[in-house]
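To keep things clear, I will list the structure first and then write my remarks on it.
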Amino acid sequence: MIPSKQILDGRTIARATGLLLISLIAATGSTVWLIAEIRKEQRAVQEILKVGSTEAAKSVGTLPGELRWQFVITILVSVVLISAALGLLIVARAFQKSEASLSAVRMLSAHILASMNQGVVTTDQDGTVTSTNARARELLQLPSDCNGKTLAAICHPDTPLDALSHEVLQKGTPQTDHDYAFLRRGHACRLRAEGQVLRGSNNDVLGTAILVRDVTERSLMEERLRRMERFMGLGTLVAGLHHEIKNPLSALWLHVQLLEESLAGRMDDEVSENLSVLKQEVARIVGVLESFGDYASVEKLNLGDTDIVALLRHIVNVIRPKADQQGVTVTLELPQQAPKRLTADRARLEQVLLNLVFNALDEMKDGGQLTILLSYLDQEIEVTVSDTGGGIPENLRSRIFDPYFTTKRRGLGMGLALCEKVVREHNGQIDVDTSDRGTQFRVTLPLDGPVLEKHDGN
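When the sequence shown is numbered by my numbering, its final residue is 1332 and no position is left out of the sequence of numbers.
Here it is, written out as structure tokens:
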């Protein structure tokens, strides 16, 4: 505990110390002057006694009284001098304790800021940084010597805290829930900042205080929960639609074939063309229905020991011709440690990864960089597929795993939905981060495979 009563006002101590020093100097000067006067009079008495006249002897008789008073005054001045010295010693001791207490307060404040899980940045009214803690420098990738520099000069363009600071000063009220997404060491991160006015003891505005939190995991969990809410019951619905549509569609396809056979040799070009269009559209509906079936399937996973490194190398070999044709550079980054085995359905996992890399190639028709990164976590593996394409619009990002949602001119929009389903059946997670500089998909899977068998995820 810090004795708050010992934390004195520094200006009061300085004034008291000054007054004591003045008193000490004055008392010292007075004492020196009195001692000099006494010695002067003693010399005069000795001269008079040498002469030995009667009148002089009478004059000498009055001197003892004067000397007595001077002696008394000297004693008083000495007492004042000693008191002043003692007072100065007491004040110095109090000042020392005050400095120790203030140092303890500063150290405690520094420890509190250093141990906070939130980043703290303070600025003056001009947006110049006055202090930061270690967490803020880590989250915002700030230099250690950022004090005295403006927020605009030290912050990443994706985290414009200078705009937040300006908004706080302009409105004079706390500003919350400012989210910033950016890449840190190749991984997508999301920060949430809030700012408030920093005021002094007289309620005058000193600047701003900005708190920064890493909400990457929280944002991912919220997105996964929203996705699961959308998919809740969707498997049952899809299975029902598949069953209800399949039978009449089969009958329709059969009658189209019978009609074509009965009109064989008697059809004109127009009837033949109409029948051809009818067959193509029925075939397209059959394809859609089959994708329905794949999404709603309850087939068990064919789990086995999977060499993830060999699988990734196989995928790179598969896509290499198309990548070379488009001028895309493919990079496979593997961990330095020994390969780990994965319990998974190799065929379905290959389907997921091929879908992701082909989607990435589709976004880089005029060349780019495709990076496949394998990382070993504690009890998981993480495969990251990154491209340098145009990215996914922010307003579409939350819908990319929805069935039949696509931004392409061709395709049914079931690829990513099936990827999400397969990963979910493996008790894994698939996440996406995107910007105008590219898109990054991360597939995280447990090394031991799914703990419980999961069929349709409902």
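Ideal Cβ positions, reconstructed from N, Cα and C, are used throughout, including at glycine.
Name the DSSP bridge partner or partners of L1319?
I1255
Span separating the alpha-carbon of V1393 from that of L1223:
Beyond the ends of the chain as shown, which are 875 and 1332, falls residue 1393; an answer cannot be given.
C-alpha gap between N1021 and V995, whole angstroms
10 Å
Where does V1089 sit, in a helix, a strand or coil, going by DSSP?
coil
Shorter than 6 Å, the distance from the beta carbon of S1039 to the closest heavy atom of the ligand GTP, or not?
Ligands in the displayed structure: none, and consequently the ligand GTP is not present.
Is the CB-CB distance between L1038 and A1083 below 7 Å?
no
What does DSSP give as the partner residue(s) for L1065 in the beta ladder?
Y1054, D1088
So I1266 is in the beta strand (DSSP E); what residue range does that whole segment cover?
No beta strand (DSSP E) contains I1266, which DSSP labels as neither H nor E.
Suppose the cutoff is 8 Å on Cβ atoms and the five residues either side in sequence are ignored; what does the same chain contact list for L1228 look like?
I1189, V1192, I1193
For E1237, collect the residues of the same chain with a Cβ closer than 6 Å to its Cβ; drop the 5 residues on either side in sequence, then sort them by chain order.
D1261, G1263
Please list the terminal residues of the continuous beta strand (DSSP E) segment that includes F1307.
In the sequence under discussion, the amino acid at residue 1307 is Asp, which differs from the Phe named in the question. Element bounds for D1307: 1303-1309.
Is it buried or exposed, E1299, if we count other Cβ atoms within 10 angstroms and call 16 or more buried?
buried
So, with DSSP's three-state summary, where would you put A1026?
helix
With a cut-off of 8 Å on the beta carbons, I'd call G1001 and A1026 a contact; round off their distance for me.
7 Å
Is the beta carbon of A1234 less than 7 Å from the beta carbon of V1257?
no
Could you have a look at Q1070 and say whether DSSP puts it in helix, strand or coil?
strand
Whole angstroms is fine: what's the gap from T1308's alpha carbon to R1316's?
11 Å
As assigned by DSSP and simplified to three states, the class of R1220
helix
Are G1302 and L1319 touching if we call contact CB-CB under 7 Å?
yes
Find the nearest neighbour of R1011 within the set T1280, C1029, T1313, judged by alpha-carbon distance.
C1029
Where do the N-terminal and C-terminal ends of the beta strand (DSSP E) with S837 fall, by residue?
The chain is shown from 875 up to 1332; residue 837 falls before or after that span and cannot be answered.
Look up V979 in the DSSP assignment and give the residues it is bridged to.
Answer by DSSP bridge pairing: none, since V979 is not bridged.
Run the CB neighbour count on D1219, radius 10 Å, all protein chains shown included, and call it buried at 16 or more, exposed below.
buried
When burial is assigned at 16 or more other CB atoms within 10 Å of the CB, is S1093 buried or exposed?
buried
Do L1321 and L1206 have their beta-carbon atoms positioned less than 7 Å apart in this structure?
no
In three-state terms, what does DSSP make of Q1049?
strand
Are the CB atoms of D998 and G1081 nearer to each other than 7 Å?
yes
For the candidate residues G1241, T1033, F1232, whose alpha-carbon lies nearest to that of G1201?
G1241
Limits of the beta strand (DSSP E) - the one that G829 falls within
Past the edges of the chain, shown from 875 to 1332, lies residue 829, and the structure says nothing about it.
Could you give the residue range of the beta strand (DSSP E) that holds L1290?
L1290 -> not in any beta strand (DSSP E); alpha helix (DSSP H) instead, spanning 1289-1299.
With I1274 as the anchor, note down where its beta strand (DSSP E) starts and where it stops.
Note, I1274: premise wrong, no beta strand (DSSP E); not H, not E.
Comparing C-alpha positions only, which one of L1292, R1273, A1125 sits nearest to Q1225?
L1292
Rounding to the nearest angstrom, what Cα-Cα distance links I876 and I1182 in this structure?
Note on I876: pLDDT 40, under 50, position unreliable in the model; no value is reported.
What does the Cβ neighbour count give for L1128, buried or exposed, with the cut at 16 atoms within 10 Å?
exposed
Going by DSSP in three states, E1207 sits in which element: helix, strand or coil?
strand
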